[in-house]
Amino acid sequence: MAGFRDRGLAPAGHRVVPHPAVTLLLEFGSGTPIVETSAGRQRGSLVAAPAPGAIWVWGENVECVQVRLSPVVAPAVLGISAADLDGAVVGLDDLWGRDGSRICEQLGEVSSWEERLALTDTLLARRCTARAYVDPEVAWAWQRIVIGRGLVGVDSLAAEVGWSRKRLWSRFSAQLGLPPKRAAKLVRFDHAAHRLAAGVDVARVAAESGYADQSHLHRDVMAFTGVTPANVGSEPWLAVDDIAWAGYPGPGSTVSSA
1 MAGFRDRGLA PAGHRVVPHP AVTLLLEFGS GTPIVETSAG RQRGSLVAAP
51 APGAIWVWGE NVECVQVRLS PVVAPAVLGI SAADLDGAVV GLDDLWGRDG
101 SRICEQLGEV SSWEERLALT DTLLARRCTA RAYVDPEVAW AWQRIVIGRG
151 LVGVDSLAAE VGWSRKRLWS RFSAQLGLPP KRAAKLVRFD HAAHRLAAGV
201 DVARVAAESG YADQSHLHRD VMAFTGVTPA NVGSEPWLAV DDIAWAGYPG
251 PGSTVSSA
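Its first residue numbered 1, the sequence shown is counted upward by one per residue in the UniProt record's numbering.
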C-alpha cells in the first residue's frame, strides 16, 4: 500500500507503469484523480487489472491510497476475479456501489497516513470472503512464476502441477485474467524495471533478468511502458517500495508506503 498527496499533477499526467498485480485506488481528497486509458477516462476510485495497457493519471489536490493485490487473492477482496476485469480499468462504484464511497469517506476522516493505511488494511480484510476463486494449482503456478522472476516455462509448470499445457493455459487465463506466458513476461519485466530503478546498468539488467540481449529488454520495456530502459527507472509510479520512491516525492507531494 502507498498513500499519495499531490497538489497538482503535471499537465501531461503521470505514467502508471504496469505491475503484476490488481491495483486498487481509493481517493478521498478534495480533488478527483482522472485516469486515462485506451478505453477512455475514469474518475475517482478505481480497480485496474494487471498490465491493462497505457495508463496516465492527473488531477489537482489529489489524495489517495493505492493498494496492489496479488491476482490470486484479489478475488476474495474485490468479489470478482482478475479475469472479470477483462484487462481494463473500472470504477470502484461499479463494483462495490455505495460501499466504495463509504470506504473513501472513512479514509478522509482520519488525519495521518499511518491511520489511513491501517484503516485500509482493516476495511479490505472485512471484505475478504472464504470463497475459493482460484484453483490451488493455478495459485501455485503463479507463485512459481513470481519466485522464478518470470523465468519459468509453461510446459514445466504444467508438468509440475500434473496438468496438460492446454488445461493450465485455460484455467490460469480464466482465473487470473492473463495467460501464463504473459504473466511470466510481466513478472520478468517488473523485476528488470526495479533493477533499472536501482541504478543497475542496462546491459547487466538484461543479462541477469533472463533477456537474450539488450535489444530484447528494450523491446519488452517499450511494449509495457512506451519509454526506453534508460528512462523507465525514473518513472514516479513505478512501484510502491523503497527503491521506486528514492528521491521522490517532488514539491507539493507526499508519499507514505507500507
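Built from N, CA and C at the ideal position, the CB exists for glycine as well.
Treat the numbers as computed from the prediction; the structure is a model and nothing was measured.
Where residue i falls, given that 16 or more other Cβ within 10 Å makes a residue buried
i	result
PRO20	buried
GLY97	exposed
SER156	exposed
HIS216	exposed
THR122	exposed
ARG188	buried
SER38	exposed
ALA244	Unreliable positioning characterises ALA244 in this predicted model, as indicated by a pLDDT of 46, which lies under 50. The coordinate reading is nonetheless provided below. So ALA244 ends up on the buried side.
GLY162	exposed
GLY29	buried
Rounded separation between residue i and residue j - CA only
i	j	result
SER101	ASP93	7 Å
ARG15	ILE55	6 Å
HIS194	VAL221	12 Å
CYS64	MET1	10 Å
TRP169	ALA212	24 Å
THR254	ASN61	Because THR254 carries a pLDDT of 47, less than 50, the predicted location of this residue cannot be relied on, and the following value inherits that uncertainty. Those two C-alpha atoms are separated by around 11 Å.
LEU95	GLU115	25 Å
PRO229	VAL146	21 Å
GLY210	THR120	36 Å
ASP6	GLY87	27 Å
GLU160	PRO136	13 Å
SER164	PRO179	14 Å
ILE103	THR23	16 Å
residue 274	SER234	Residue numbering for the chain in the displayed model covers 1 to 258; residue 274 lies beyond these limits and cannot be assessed.
Expected contact under 8 Å - CB spacing of residue i and residue j to nearest Å
i	j	result
GLY31	TRP113	The Cβ separation is near 17 Å, so there is no contact.
SER45	LEU69	So it is not a contact: roughly 14 Å between Cβ atoms.
VAL134	VAL72	5 Å
Beta-carbon proximity of residue i to residue j, cut-off 7 Å
i	j	result
ALA82	ALA49	yes
GLY108	GLN42	no
PHE224	PRO18	yes
VAL232	LEU196	yes
VAL35	VAL67	no
LEU176	ALA51	no
GLN214	VAL202	yes
Give the list of continuous alpha helix (DSSP H) stretches no shorter than 4 residues that lie fully inside the stretch 85-139.
92-96, 98-108, 113-127
Where are the alpha helix (DSSP H) runs, 4 residues long or more, that stay fully inside the stretch 6-56, in chain order?
none
In chain order, which continuous runs of the alpha helix (DSSP H) of length 4 or greater are located wholly inside the stretch 168-244?
With a minimum length of 4 residues, the continuous alpha helix (DSSP H) runs that stay inside the stretch 168-244 are 180-197, 202-208, 214-225, 229-232.
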